[in-house]
Amino acid sequence: GESVGLHLPTLSVQEGDNSIINCAYSNSASDYFIWYKQESGKGPQFIIDIRSNMDKRQGQRVTVLLNKTVKHLSLQIAATQPGDSAVYFCAEIAFSGGYNKLIFGAGTRLAVHP
Amino acid sequence: GAGVSQTPSNKVTEKGKYVELRCDPISGHTALYWYRQSLGQGPEFLIYFQGTGAADDSGLPNDRFFAVRPEGSVSTLKIQRTERGDSAVYLCASSLFARTDTQYFGPGTRLTVL
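Residue numbers (our numbering), protein chains in the order written: chain A, 173 to 286; chain B, 155 to 268.
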């Protein structure tokens, strides 16, 4: 079946370093992807999105890269801060019936150490 | 506040009991979604509302689960004859239009079935 998954369940980084979180997807027909950040006890928070007609998109301290050839995307966080500690999910959009049905992966926990 | 709100934040019940979980979407959002998140996993789609009607309930696990949105705003997820396996965080999200890119999530309701 279709799935979105992550390579690394836990990532530990030092404050100030750059972080890279990876995600693989299996549905080559998917054309839209979102990264969410989820802190303990909170719901997922939108970070950044990318469409399949793009290879790269930048936000504030974050960059998402999409490689359609190998069906892989990554989230890069520059100058990682303690407040970045959370679980990060990539989500794949499966357009069906005219709405956005999010398919999430299992998530990667990012731990930022001072 | 301006975000999605959910009540209660925590619900503990006994096996076999009936529970209701409430979601207040962002004002003006026509689309509303329910997801279920088990520990260490990404959210899984349950049901989607467009206005008052359930446009897709394909994610509901069985007929013990039911959701309503009678006036097109607040939604209630109802679970009958709860089982221990129903224990999870139930997340609600809303978006302005059905094909809007961003779904905004509430903080979730943590349901524990003893």
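Glycine included, each C-beta is placed from N, C-alpha and C at the ideal position.
How is Asp210/B classed by DSSP in three states: helix, strand or coil?
strand
For Phe267/A, is the classification buried or exposed, using 16 other Cβ atoms within 10 angstroms of its Cβ as the cut-off for buried?
exposed
Using the C-alpha atoms, what's the distance from Ala252/B back to Leu238/A?
25 Å
So, for Pro197/B: in the same chain, excluding its five sequence neighbours on each side, which residues have a beta-carbon less than 6 Å away from its beta-carbon?
Tyr189, Gln191, Leu245
Who are the near neighbours of Leu250/B in its chain, counting only those whose CB is closer than 6 Å to its CB and skipping five residues on each side?
His183
Residues of chain B with CB under 9 Å from Ala278/A, in chain order?
Gly194, Gln195, Gly196
Can you check whether the CB of Trp207/A is closer than 8 Å to the CB of Ile192/A?
no
Own chain, CB closer than 8 Å to Lys165/B, minus 5 neighbours either side, in chain order:
Val173, Leu175, Thr263, Arg264, Leu265, Thr266
Gly262/B CB to nearest chain A CB: under 8 Å?
yes
How many Å lie between Gln204/B and Ile180/B at the Cα?
14 Å
From Ala278/A, Asn225/A, Pro286/A, residue whose alpha carbon lies closest to that of Ala204/A
One detail in the question is off: residue 204/A reads as Tyr in this sequence, not Ala. Minimum Cα distance to Tyr204/A is reached at Asn225/A.
Which residues, in chain order, does the stretch 231 to 249 of chain B contribute to contact with chain A at a C-beta distance below 9 Å?
Val243, Leu245, Cys246, Ala247, Ser249
Taking Lys171/B as the reference, which of Val222/B, Ala208/B, Gly213/B, Ile233/B has the closest Cα?
Ile233/B
Using only the alpha-carbon positions, how far apart do Ala134/A and Glu264/A sit?
Absent from the structure is residue 134/A, since the part of chain A shown begins at 173 and ends at 286.
Once you ignore the five residues that flank Arg281/A on each side, which residues in its own chain have a CB closer than 6 Å to its CB?
Thr182, Val259
Any beta-carbon of chain B closer than 8 Å to the one on Lys228/A?
no
Under 8 Å from the C-beta of Phe199/B: neighbouring residues of chain A
Lys273, Leu274, Ile275
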